[in-house]
């Protein structure tokens, strides 16, 4: 179970429209609650998935652990479900890794601050 704590007042659970820090509170199987930042929602094989970053009491994540869940917002209220099979989890984790790699590349290009022109005459 997850409770959305979006900083955008009119979010209504549609995290695509949020512009602020978005967190959810997960209640784990052992009834422990964990505050998590929403990293991204992304599709894999026709289903949506969500990547969550668990936060400590200071709002930080020291170990880099990420939680991956199935995500469904078709009813207007977000629902998270566990990923049941190893094959499904592997596909979702691979896609998330590809997204991270692409984001790191984009950050490197933006940090450079220059457009690269390749001169084929040399």
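In the numbering used here, the protein residues as written are 910 to 1031. Note that CB positions come from ideal geometry on N, CA and C, so glycine has one too. Model, not experiment: these values are computed from the prediction.
Assumed close pair residue 998, residue 977 - CB separation to whole angstroms, cut-off 8 Å: Stepping through the chain shown from its first residue, residue 998 is reached at position 89. Stepping through the chain shown from its first residue, residue 977 is reached at position 68. Residue 998 to residue 977, Cβ: 7 Å. Contact.
Whole alpha helix (DSSP H) runs in the segment 936-1004 with 4 or more residues, listed along the chain? Entirely contained in the segment 936-1004, not one alpha helix (DSSP H) run reaches 4 residues.
What separation, rounded to the nearest whole angstrom, lies between the Cα atoms of residue 948 and residue 942? The residue you call residue 948 lines up with position 39 of the chain shown. The residue you call residue 942 lines up with position 33 of the chain shown. When the Cα atoms are used, residue 948 and residue 942 turn out to be separated by approximately 18 Å.
Exposed unless 16 or more other CB atoms sit within 10 angstroms - verdict on residue 961: As a working note, residue 961 is residue 52 in the chain shown. When all chains shown are included, residue 961 counts as buried.
Taking Cβ positions, are residue 935 and residue 944 nearer each other than 9 Å? On the chain shown, position 26 is the one that residue 935 refers to. On the chain shown, position 35 is the one that residue 944 refers to. Going by C-beta atoms, residue 935 is nearer than 9 Å to residue 944.
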